[in-house]
Each structure stands twice: as C-alpha cells, then as structure tokens.
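This report refers to the structure that appears directly beneath it.
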Amino acid sequence: NGGEESEGFLFTGDEGTMEIAGNTVTVTRVPHEKEPGFTVSTFSEAMQKETFAEYRKKYPVTHPEGAPPQTIQKYSAEKGYADNYDHFRNFFNSVRTRKQPVEDATFGFRAAGAALLANRSAEKGSIIHWDPVKMTLG
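The sequence shown lines up with residues 5 to 142 when you count with this note's numbering.
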C-alpha cells in the first residue's frame, strides 16, 4: 500500500500561517521583518547608490539577534470527536427550544455563497456581480 493521503487547508497571511488538517489546527506566527526589502536592479548605478543610501538612513544596519522567534500553537480535537455531532446537537436543540441556532440559514447561505458564485461564473464564462448586503445577484 502506498501510504496515507492527507488533505487540509493552509491559509497564509502577513503574520504567519494557519493550517487545518483533519482534527488539528496549527497557527504559526512569524514576526514582521524590521525593514522592508527593495529592488533597484533596473535603476542606473547612480540611482541605485542614491536609493540605497536613503534606505540605509531610514533603516540603519543592525546585527541580527539570531533567527526570528517563531510561535506555534496547535489545537487537536479529542480522540473520537466529530464536528457533525455538535452540528446536529445544536440543530435539534434549536428545533426543540425554538431558539436561534448558532449558525442560522443566513450564515449557511453566506458560507456557501462564494462556491456557488464561482460555479455560476465558470458555467457562464463571465464575472458574477454579488451584493453582499442584500445577498442578491447584481
């Protein structure tokens, strides 16, 4: 047997990453660089020197203090946990008590909306305009 396949989601942002795989969520934070990078290779040599000198005035050279600290937070659901149990428990409790569920029909429609719009756009071969406030096609 060739081994196990895995699937998940990896969200990358300017503060780090969040990976969702199976019943585990891992958040990795990496601090921002102290100075932004820049590219001047297409400038004339004189302009490169001038730009670099201005850059160093704003961002003086400092000695690195080692690798930037990286924090990793990991949450794993308990063994045997299934999110569909909580989903159904919430739904049936809402029916019994007549209270609003945690995630109502509007929430579900908004959650599915992006995928539905992407499919419709692909079928039509054109851009779909959506009014998120009225939740209607525009």
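Where is the CB? At the ideal position from N, CA and C, for every residue including glycine.
1. Check Val-106 in the structure and name its three-state DSSP category.
2. May I ask you to verify whether the segment 97 to 112 touches the segment 63 to 73, counting CB pairs closer than 8 angstroms and requiring at least 3?
3. Whole alpha helix (DSSP H) runs in the segment 106 to 136 with 4 or more residues, listed along the chain?
4. Over the uninterrupted beta strand (DSSP E) stretch that includes Ser-98, give me the two end residues.
5. Could you tell me the distance, in whole angstroms, from the CA atom of Ser-80 to the CA atom of Pro-35?
6. Whole angstroms are fine: how far does the CA of Thr-30 sit from the CA of Ile-24?
7. Got a sec, what are the start and stop residues for the alpha helix (DSSP H) Met-51 sits in?
8. Please name the residue, chosen from Thr-55, Glu-11, Ala-118 and Arg-33, that lies closest to Gly-17 on a Cα-to-Cα basis.
9. Report the rounded CA-to-CA distance for Ser-130 versus Gly-26, giving the unit in angstroms.
A quick look at the data gives this:
1. Here residue 106 corresponds to residue number 102 of the sequence shown, with the count starting at 1. DSSP places Val-106 in coil when its eight states are reduced to three.
2. no
3. As for any alpha helix (DSSP H) of minimum length 4 sitting wholly inside the segment 106 to 136, the runs are 109 to 128, ordered along the chain.
4. Working through the sequence shown from its first residue, we reach residue 98 at position 94. It is not in any beta strand (DSSP E) - Ser-98 instead sits in the alpha helix (DSSP H) that spans 87 to 101.
5. If you number the sequence shown from 1, residue 80 lands on position 76. If you number the sequence shown from 1, residue 35 lands on position 31. When rounded, the distance between both Cα atoms is 24 angstroms.
6. Counting from 1 along the sequence shown, the entry for residue 24 is found at position 20. Counting from 1 along the sequence shown, the entry for residue 30 is found at position 26. Ile-24 and Thr-30 have their C-alpha atoms roughly 7 angstroms apart.
7. For the purposes of this step, residue 51 is taken as residue 47 along the sequence shown, with counting starting at 1. 49 to 62 is the span of the alpha helix (DSSP H), which, as asked, contains Met-51.
8. As a first step, residue 17 must be located in the sequence shown, where it is residue number 13. Checking every option, the nearest Cα to that of Gly-17 belongs to Arg-33.
9. The residue labelled residue 130 in the question sits at position 126 within the sequence shown. The residue labelled residue 26 in the question sits at position 22 within the sequence shown. Their backbone Cα atoms lie some 35 angstroms apart in a straight line.
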